[in-house]
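According to full-length UniProt numbering, the sequence shown is numbered sequentially starting from 1.
For glycine and all other residues, C-beta sits at the position ideal for the given N, C-alpha and C.
Remember, it's a predicted structure, so these values are computed and weren't measured experimentally.
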Amino acid sequence: NLNDEYIVIENLGNTPIDLTGWTVLDEANHRYLFPDFVLSAKVTVTLRTGLGKNTKSEIFWGSRRPIWNNDGDTIFLKEAEGSLILSYVY
C-alpha cells in the first residue's frame with residue numbers, strides 16, 4: 001500500500017506557513033509540488049505517497065510507485081522560490 005509510505009511535516013512555529021508552491025524532493029529528484037495549502041501553527045501534515053483526497057492533515061503525492069527508499073534516502077523541503085528550508089537524511 002503506497003499510502004503506508006509517508007513523511008510528516010510539522011510547523012513548530014506560532015504562525016501559519018503558506019506552503020503553496022513549495023516542493024518536497026528525494027535523492028532521485030522525485031518531486032511533489034504543494035497545491036494551495038497553509039500549514040497552521042503547531043500542527044502537522046502527513047504527505048502520503050499514493051492516491052487519496054487532500055485534507056488539512058493529510059495530502060497525497062498521487063504516485064503509483066514508491067518514492068522513499070527503505071534502506072535510506074534524503075528528504076528535501078524547498079520554498080516556492082527554490083531555497084532549501086530543510087533536508088533530512090534517514
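Exercise. Would a C-beta distance cut-off of 8 Å place Glu-58 and Val-45 closer than the cut-off?
Worked result: yes
Problem set entry | residue 103 vs Tyr-90 beta-carbon contact at 8 Å | A query on residue 103 cannot be resolved here, the shown segment of the chain reaching from 1 to 90 and no further.
Exercise. Considering Val-89, what are the terminal residues of the beta strand (DSSP E) in which it resides?
Worked result: 84-89
Exercise. Starting from Val-24 and walking both ways along the beta strand (DSSP E), at which residues does that stretch end?
Worked result: 23-25
For this session: Work out the CA separation of Pro-35 and Leu-60 for me, nearest whole Å.
Result: Reading off the sequence shown, one finds Phe at residue 60, where the question assumed Leu. Going by the C-alpha atoms only, they are around 10 Å apart.
Problem set entry | Paired residues, beta bridge with Ile-9 - DSSP | Val-45
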